[in-house]
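J.: Just so you know, the protein sequences line up as chains A and B, in that order.
Using the numbering used here, you'd call the opening residue of the first sequence number 197 and step up by one each time.
Using the numbering used here, you'd call the opening residue of the second sequence number 197 and step up by one each time.
Protein chains: 2
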Amino acid sequence: MTQGHRQPTILDVARAAGVSKSTVSNVIRGVAASPATRTRVLEAVARVGYRPNAVARNLVRRRTTTVGILLGDLANPFYSELAKLVGQRLTENGYATTIGNTDGRSARERELIESLLEQRVAGILMLQFSGERSALNELRAQGVPVVVVSCWEERSDCVAVDDAAGVELGVRHLLELGHRRIAYLSSGLVEPKTDQARFEGYRSALAGAGLVCAENLILRWEHPAYLRSGHDLIRELQRLLCGASPPTAFFVSNDLVAIDLIETLEQLGFEVPEELSVVGFDNIALAGLARVSLTTVAQPRDELARAAVEILLGRIEGSVMHPVRQVRLAPELVKRGSTAAPPTVSAASRRP
Amino acid sequence: MTQGHRQPTILDVARAAGVSKSTVSNVIRGVAASPATRTRVLEAVARVGYRPNAVARNLVRRRTTTVGILLGDLANPFYSELAKLVGQRLTENGYATTIGNTDGRSARERELIESLLEQRVAGILMLQFSGERSALNELRAQGVPVVVVSCWEERSDCVAVDDAAGVELGVRHLLELGHRRIAYLSSGLVEPKTDQARFEGYRSALAGAGLVCAENLILRWEHPAYLRSGHDLIRELQRLLCGASPPTAFFVSNDLVAIDLIETLEQLGFEVPEELSVVGFDNIALAGLARVSLTTVAQPRDELARAAVEILLGRIEGSVMHPVRQVRLAPELVKRGSTAAPPTVSAASRRP
DNA sequence: ATGAAAGCGCTAACAC
DNA sequence: GTGTTAGCGCTTTCAT
Chain A
197 MTQGHRQPTI LDVARAAGVS KSTVSNVIRG VAASPATRTR VLEAVARVGY RPNAVARNLV
257 RRRTTTVGIL LGDLANPFYS ELAKLVGQRL TENGYATTIG NTDGRSARER ELIESLLEQR
317 VAGILMLQFS GERSALNELR AQGVPVVVVS CWEERSDCVA VDDAAGVELG VRHLLELGHR
377 RIAYLSSGLV EPKTDQARFE GYRSALAGAG LVCAENLILR WEHPAYLRSG HDLIRELQRL
437 LCGASPPTAF FVSNDLVAID LIETLEQLGF EVPEELSVVG FDNIALAGLA RVSLTTVAQP
497 RDELARAAVE ILLGRIEGSV MHPVRQVRLA PELVKRGSTA APPTVSAASR RP
Chain B
197 MTQGHRQPTI LDVARAAGVS KSTVSNVIRG VAASPATRTR VLEAVARVGY RPNAVARNLV
257 RRRTTTVGIL LGDLANPFYS ELAKLVGQRL TENGYATTIG NTDGRSARER ELIESLLEQR
317 VAGILMLQFS GERSALNELR AQGVPVVVVS CWEERSDCVA VDDAAGVELG VRHLLELGHR
377 RIAYLSSGLV EPKTDQARFE GYRSALAGAG LVCAENLILR WEHPAYLRSG HDLIRELQRL
437 LCGASPPTAF FVSNDLVAID LIETLEQLGF EVPEELSVVG FDNIALAGLA RVSLTTVAQP
497 RDELARAAVE ILLGRIEGSV MHPVRQVRLA PELVKRGSTA APPTVSAASR RP
């Protein structure tokens, strides 16, 4: 039992079973084994308490079965929910996962990629991507498969929702409710590329209704922060609300900030949805709570995870040299209690 | 650039720099190097595009710098928030993390541990633990450090909040508000051990006020489910609410279920906190939203993570043979809007 | 079906 | 300070 505290190796098993190393190896991997020796070896394995050393195996096979998952923030439900799904699928396929938080900083992203490369991961799933060209090049040069998830990236395999179409769904819903002055809100919590695509959707949806998007109805900030966290943001919001022709609704580029907005608006004395409507993006679990009840554009997380893993494993186990594979999924509008018809003029003017 | 697609090894660098393998190794590890050769080697590293192979290093050093994190459910904010903190601290200390979801199933837990052991992780952090004795024994036998986090476990290093004290805080708050009939609710989402400890806290707090805990005010179910998910659970809840002497308040063993309870109660036509008060446990971010505003017993997640990592690294890097280290942290009550004084009799009888 | 032998890419004594 | 050497524990030809 206590044998100097060296873990038993395949050689110990071989000796215990009276066979050679390679025979043990064969038995363990389930190839070429006569029933007789098979049981002998298995017994020996149990007797000495042998457990294969994956590190050694990985070295000699020159590949691991670990995939790296890079994400923005594990405390953000959108990422943790997605990470869970992706991890599940990976496990089912015999892969282990190692996780890294970038906190939205591209320096951190580089470090993490570097580390994953040293670990010789079989592939990488980027649930958030800074968009840095160099990172992608590095990975391509190393021949490590990558798929970018939930964020469109032409230069790489990727699977994402159709951002513009999603926003159009949301904006059109607001238009149908009768809103004409719809504000757009976004924070650095979503990647610049994604935000840009969503903003385009917003603009084109307005254009489709013969409306132009007014500069003073747009509020975007770059740091990954919430309204609550910065007083200047709240001031900007107030300026927006008290301008010449204030909005009657908001489209917000992700649920977390949408919820943050609702909190802030209510704190400022506005009622949602009676006075102001709010639409989010993502459909995180939180949005579905009765107390929150956020109307939002749902990303099909399950599909996202399924497609991402399928593409990644395809690259790892086979056709690395194939053309870029990109999947664009359809978003869906989930109507809940944060949207309603705009207040009538008389009701609106009743405000303090 | 394209060199038959074999990654450059330390030997390639050695040749390129005109030195031996070990000199390169020395430079990379930052030991014994004359400034002259140092730069020569570093140049060669850059020229050939060398990246150390961690797999090979791990094999020869007979240890990795990866720690395994086992948790119940990544989609549960309590775990994902904790996992983030723990991962952060680990990264700061040069460790990578690999994550595994047990989904609360102990079979899955065993599989994951087995896999981590094969990967030869340096240590394991169990953010949820089934309590299975055999798992712990196995790990001890392998000499792999483990610390159980947020769940008390005498047989192992662990750091957790004082569950009983936490519940007493919550129950005493309810008592002070004037509640006398306080129900206890818990689901399989929290480990049996933890639930037991919390239940004891509940009982002792009641006893401290000269109250006995009535059987018909207790609702516990074992599967990790929500009220919403099962109609029989809702029926049981209704039975509890319509009994001879119904509760005026609930203590719930975790926030997710507490929020679930509030949703269910409101759906059933009860107002929270006007008719029924609810106290949770954990203080996940969600609980702090104005729309949710859950009074709850906070676990100091930051402290939990800090202590857990400190103990684990202590074991990994040093004193494996020391006596069990256990840290019990003090919980804190966070009063919010889900608790209030019980309704007066006349108000109560006004119910439909 | 089984065994012998040659590494995988690196570190760590130990010589020089 | 630098080079030589002997493995780490396993897989994988290649003989037998």
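A virtual CB, placed ideally from N, CA and C, is assigned to each residue, including glycine.
As the structure is a prediction and not an experimental result, all values here were calculated from the model.
With DSSP collapsed to three states, give me the class of G268 of chain B.
T.: In the structure shown, G268 of chain B sits in coil (DSSP, three-state: anything other than H, G, I, E or B).
J.: Thinking C-alpha only, which one of B:R351, B:I309, B:V453 is nearest R521 of chain B?
T.: Among B:R351, B:I309, B:V453, the Cα nearest to that of R521 of chain B belongs to B:R351.
J.: Would you say H201 of chain A lies against chain B (beta-carbon separation less than 9 Å)?
T.: At least one chain B Cβ lies under 9 Å of H201 of chain A.
J.: Is G404 of chain B helix, strand or coil by DSSP?
T.: Of the three classes helix, strand and coil, the one that applies to G404 of chain B here is helix, per DSSP.
J.: Does P469 of chain A have its Cβ less than 9 Å from a Cβ in chain B?
T.: Closer than 9 Å: no.
J.: Would you say L436 of chain A lies against chain B (beta-carbon separation less than 9 Å)?
T.: Cβ-Cβ to chain B under 9 Å: no for L436 of chain A.
J.: State yes or no: is the C-beta of A536 of chain B within less than 9 Å of the C-beta of L381 of chain B?
T.: Not a contact, by the Cβ cut-off of 9 Å.
J.: So which residues of chain A does K280 of chain B contact, with C-beta pairs closer than 8 Å?
T.: Under the 8 Å cutoff, chain A gives D269, L270, A271, N297.
J.: Write down the C-beta distance between L423 of chain A and L457 of chain A rounded to the nearest angstrom, noting that I regard them as a contact closer than 8 Å.
T.: Yes, L423 of chain A and L457 of chain A are in contact; Cβ-Cβ is about 6 Å, under 8 Å.
J.: Taking just the CA atoms, how far does Q495 of chain A sit from T365 of chain A?
T.: The question names Thr, yet the displayed sequence has Leu at residue 365 of chain A. Their backbone Cα atoms lie some 12 Å apart in a straight line.
J.: Measure the C-alpha to C-alpha separation of N450 of chain B and A421 of chain B and round it to an integer number of angstroms.
T.: So the two alpha carbons sit approximately 12 Å from each other.
J.: With 9 Å set as the bound, which would you pick, yes or no: does the beta-carbon of V251 of chain A sit closer than that to a beta-carbon of chain B?
T.: Taking Cβ atoms only, chain B reaches closer than 9 Å to V251 of chain A, which makes this a yes.
J.: When the cut-off is 9 Å and only beta carbons count, does S383 of chain A lie next to chain B?
T.: Not an interface residue.
J.: Have a look at B:E528, B:L281, B:R202 and flag the residue whose alpha-carbon is nearest the alpha-carbon of A501 of chain B.
T.: That would be B:L281, whose Cα lies nearest to the Cα of A501 of chain B.
J.: Using a Cβ-Cβ cut-off of 7 Å (strictly less than) and excluding sequence neighbours within five positions of A368 of chain A, which residues of its own chain qualify?
T.: Position check: residue 368 of chain A holds Arg in this sequence, whereas Ala was assumed. Once the five neighbours on either side are set aside, the close Cβ partners of R368 of chain A are A401.
J.: For I480 of chain B, which of helix, strand or coil comes out of DSSP?
T.: Of the three classes helix, strand and coil, the one that applies to I480 of chain B here is coil, per DSSP.
J.: Out of curiosity, what's the CA-to-CA distance linking Q434 of chain A and F466 of chain A?
T.: Answer to the nearest angstrom: the Cα atoms are 11 Å apart.
J.: At the 9 Å Cβ level, is T492 of chain A part of the contact set with chain B, yes or no?
T.: So no, T492 of chain A is outside the interface.
J.: Where does R399 of chain A land, buried or exposed, given buried means 16+ other C-beta within 10 angstroms?
T.: Under this definition R399 of chain A is a buried residue.
J.: According to DSSP, what are the bridge partners of V438 of chain A?
T.: A small correction: the amino acid at residue 438 of chain A is Cys; Val does not occupy that position in the sequence shown. None, per the DSSP bridge assignment.
J.: Against chain A, with Cβ distances strictly below 9 Å, would R329 of chain B count as a contact?
T.: It does not: the Cβ of R329 of chain B has no partner Cβ on chain A nearer than 9 Å.
J.: For the beta strand (DSSP E) containing R416 of chain A, list its first residue and its last residue.
T.: Segment 414-416, the beta strand (DSSP E) holding R416 of chain A.
J.: Thinking C-beta only, is D359 of chain B closer than 9 Å to T390 of chain B?
T.: Yes, these two residues count as a Cβ contact at 9 Å.
J.: Applying the 10 Å Cβ sphere with the 16-neighbour rule, what's the burial state of L286 of chain A?
T.: L286 of chain A is buried by the Cβ-count criterion.
J.: So G283 of chain A contacts chain B; which residues on that side make the cut at Cβ distance below 9 Å?
T.: Per Cβ cutoff of 9 Å: L270, I295, G296, N297.
J.: May I ask you to verify whether the stretch 263-277 of chain B touches the stretch 291-306 of chain B, counting CB pairs closer than 8 Å and requiring at least 3?
T.: The stretch 263-277 of chain B vs the stretch 291-306 of chain B: in contact.
J.: From E277 of chain A to L452 of chain A, what does the alpha carbon distance come to, in whole angstroms?
T.: Those two C-alpha atoms are separated by around 14 Å.
J.: Let me know the alpha helix (DSSP H) ranges lying completely inside the stretch 284-364 of chain B, each 4 residues or longer, listed in chain order.
T.: Taking only runs of at least 4 residues, the alpha helix (DSSP H) segments lying wholly in the stretch 284-364 of chain B are 302-314, 329-338.
J.: How many angstroms separate the CA atom of P231 of chain A from the CA atom of A252 of chain A?
T.: Taking the straight line joining both Cα atoms gives about 27 Å.
J.: Considering Cα atoms alone, identify which of A:R259, A:Q284, A:T444, A:G226 is closest to A318 of chain A.
T.: Nearest C-alpha to A318 of chain A: A:R259.
J.: Give a yes or no on whether the C-beta atoms belonging to I378 of chain A and F447 of chain A are separated by under 9 Å.
T.: Cβ atoms of I378 of chain A and F447 of chain A: closer than 9 Å.
J.: Would you say E143 of chain B and E328 of chain B are within 9 Å of each other, going by their C-beta atoms?
T.: Residue 143 of chain B lies beyond the residue range present for chain B, which begins at 197 and ends at 548; the question has no answer from this structure.
J.: Compare the beta carbon distance of V475 of chain B and T460 of chain B with 9 Å and say whether it is the shorter of the two.
T.: No, they are not a contact pair.
J.: Listed from N- to C-terminal order along the chain, which residues in the stretch 447-459 of chain A have their beta-carbon within a distance smaller than 8 Å of any beta-carbon of chain B?
T.: Cβ contacts with chain B: I455, I458, E459.
J.: Which first and last residues belong to the beta strand (DSSP E) in which A228 of chain B is found?
T.: Neither: A228 of chain B is in no beta strand (DSSP E) and is coded neither H nor E.
J.: List, in order along the chain, the chain A residues whose C-beta lies closer than 8 Å to that of E314 of chain B?
T.: The contacting residues are R247, P248, N249, A250.
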